[in-house]
Amino acid sequence: MDISIVVPLYNEAESLPELAAWIKRVMDENGFSYEILFINDGSTDNSMDVIKQLAASNPAIHAVAFSRNYGKSPALNTGFERAKGDVVITMDADLQDSPDEIPELYRMITQDGYDLVSGWKKKRYDPLSKTIPTKLFNATARRVSGIKNLHDFNCGLKAYKKEVIKHIEVYGDMHRYIPYLAKNAGYHKIGEKVVHHQARKYGTTKFGLDRFVNGYLDLGTLWFQSKFGIKPMHIFGLLGSLMFVIGFMAVVVVLILKIIAMNSSTFNFWVTKSVYFYLSLTAMVLGVQFFCTGLIGELITRNSAERNNYLIAEEF
Ligand code: UDP
Ligand code: MG
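The numbering used here puts the first residue of the sequence shown at 1, with every later residue one more than the last.
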C-alpha cells in the first residue's frame, strides 16, 4: 500500500464527507493505493455515523473510535500503530489542510529521501491571537530542538516514512513536537513544504490558549528527556555537588569567623545572624535533595522497559 492517511477528529461531522471525497479524488487521480484511518477521539456529535456511511461506499475507509476524548496525540499514536502504507500522512479533519498537497509530500518522502516532511502554513487563516504566539512558540521549539529549518512544528499536515512513525510514541500533547521526537529517535532528514491553509469552514477550534502554556512545559520535558532521560544523575548529581561545594565553603567561612571572634575582644560574630550560616543550610539541604532525585531517577531508568531500545541503522 502506498499511503495511509491518518485523520484524528473530535466533533467534525460536517467536514467529513467533503474531506473523504476530496481525498478519494486526489488518490484516484494519482493512482495511489491507500487507506484512510479516521480516529474518532470521543466525538459527541454524529461523526461516527457519518464515517460509517462513508465507509459503506469506500472500502479504503477505516475507523477507530475512542470511548472518550483523549486528545490529538493519543489519536495520532493509535493511527500510527495501525497504518500499513509505505508513506503515512496525517491531516486535520477540519478541512484546513488540503489533500491536494499529498502527491508532492509523497514524492518528497519516496524520491527526495526525507524521513519526515512537515507542512508550513506560511499564510495562515487563523485569528491573530493564535498566529502571534505561534511564531514565538516555533522560534523556541527551533532553538531547543535544534531543528533549524522548521517554521511550523504543529502543522497537522505531515508526511512520514512508515519506519519513522513505528518508532516514535506520541503521548500527552506531544503531537506539537513530532519532528523533535523523530529527531531524538535518530531520523534527521526532516524537510518542510509550504502548504495551503484555509479558514475553518465548519465547527470551532478544539484547543484554547492553554495550548501555549502546555506547549512550553512539554518542550521542557522533551528537552530534559533527550538530554538526561537515561542518565538523570548527570544533571542532578552535578547540581547536588555544586550545592554541596557552596554549602561547604559557607560552613568554612562561618567557622573561621567564629574562631576569630572567640580570640578577639573587639570583633563579635553571631553564627545565627550570618548570611553564610543560612547559605550553608540551604545549599546543603538542596544538595542532598538533588542527589536523591538523581538516584531515584537512575533507579527508575534502570527499570524502564525502553532503556535498551536503540534504533539500529544497519546490520549485517
Ligand atoms: N482533535 C482531536 N482531539 C482533540 C482535539 C482536536 O482529535 O482533543 C482534532 C480535531 O478534530 C482536528 C485536529 O485535531 O481534526 C486539529 O484540531 P483543531 O483544528 O481544533 O486545532 P487548530 O487548527 O485550531 O490548531
Ligand atoms: Mg484546525
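Every residue gets a Cβ at the ideal spot worked out from N, C-alpha and C, and that includes glycine. Just so you know, these numbers come straight off a predicted model, no measurement behind them.
Where does Ser280 sit, in a helix, a strand or coil, going by DSSP?
helix
Pick from Ala185, Lys162, Ile178 and Thr140 that is closest to Met1, judged by C-alpha positions
Lys162
For the beta strand (DSSP E) that contains Gly191, what are its first and last residues?
In the DSSP assignment, Gly191 falls within the beta strand (DSSP E) that extends over Ile190 to Val194.
Residue range of the unbroken beta strand (DSSP E) whose run includes Ile5:
Ile3 to Leu9
Does the contact criterion of 3 or more C-beta pairs under 8 Å hold for the region 134-141 versus the region 92-110?
no
Distance between beta carbons of Asp41 and Phe66, contact taken as under 8 Å:
5 Å
Let me make sure I understand the geometry here. Which of Ala199, Val253, Met48 and Glu298 has the alpha-carbon closest to that of Arg124?
Ala199
For a minimum of 4 consecutive residues, which ranges assigned as the alpha helix (DSSP H) are wholly contained in the region 234-308?
275-303
Counting by C-beta, which residues lie closer than 6 Å to a heavy atom of ligand 1, in chain order?
Pro8, Leu9, Tyr10, Glu12, Asp41, Asn69, Gly71, Lys72, Ala75, Asp92, Ala93, Asp94, Gln96, Gly156, Thr205, Lys206 and Phe207
Among Ala21, Pro17 and Tyr34, the one whose alpha carbon lies nearest that of Asn46
For the set Ala21, Pro17 and Tyr34, the Cα lying nearest the Cα of Asn46 is the one of Pro17.
Burial state of Arg176 (16 or more Cβ within 10 Å)
buried
Burial state of Val195 (16 or more Cβ within 10 Å):
buried
Do the CB positions of Lys183 and Asp152 come within less than 8 Å of each other?
No.
Among the residues of its own chain, which have a CB less than 8 Å from the CB of Met48, if the five just before and after it don't count?
Within the same chain, Met48 has close Cβ partners Asn40, Ala63 and Ala65.
Are the Cβ atoms of Ala250 and Tyr276 separated by less than 8 Å?
Cβ distance < 8 Å, so Ala250 and Tyr276 count as in contact.
For the putative contact between Gly237 and Phe291, defined by C-beta atoms under 8 Å, what is the C-beta separation to the nearest angstrom?
7 Å
Which value, in whole angstroms, describes the spacing of the CA atoms of Asp218 and Leu9?
22 Å
Write down every uninterrupted run of the alpha helix (DSSP H) in the region 101-163 whose length is 4 residues or greater and which is fully enclosed by it, in chain order.
102-110 and 128-145
Do His197 and Leu311 have their beta-carbon atoms positioned less than 8 Å apart in this structure?
no
C-alpha distance - Val170 paired with Leu239, whole-angstrom precision:
30 Å
Exposed or buried, which one is Asn303 when buried takes at least 16 other CB atoms within 10 Å?
Residue environment: Asn303 is assigned as exposed (fewer than 16 neighbouring CB atoms within 10 Å of its CB, all protein chains considered).
Tell me the rounded alpha-carbon separation between Leu116 and His234.
Straight-line spacing of the CA atoms in Leu116 and His234 works out to 31 Å.
Shorter than 7 Å, the distance from the beta carbon of Arg200 to the closest heavy atom of ligand 2, or not?
yes
What residue range is occupied by the uninterrupted beta strand (DSSP E) comprising Phe38?
Phe38 -> beta strand (DSSP E) spans Tyr34 to Asn40.
C-alpha distance - Asp344 paired with Asn69, whole-angstrom precision:
There is simply no residue 344 to check, as the chain begins at 1 and stops at 316 in what is shown.
Given this structure, state the Cα-to-Cα distance separating Asn268 from Val253, to the nearest angstrom.
15 Å
To the nearest angstrom, how far is the alpha carbon of Ile51 from that of Phe228?
43 Å
Restricting to Cα atoms, I'd like to know which of Leu279, Ile5, Leu295 and Ser57 is closest to Ser33.
Ile5
With distances taken Cα to Cα, identify the nearest neighbour of Lys72 among Lys148, Asn154 and Asn58.
Asn154
Between the alpha carbons of Leu181 and Gly31, how many angstroms are there, rounded?
32 Å
So what does DSSP say about Ile230, is it helix, strand or coil?
coil
Does the Cβ-Cβ distance between Phe38 and Ile61 come in under 8 Å?
yes
Close-in-space but distant-in-sequence residues of the same chain around Trp223 (CB under 7 Å, 5 per side omitted)
Excluding residues within five positions, the ones whose Cβ falls inside 7 Å are Val144.
Could you check whether Asp94 and Gly203 sit closer than 8 Å to each other, using their CB atoms as the reference points?
yes
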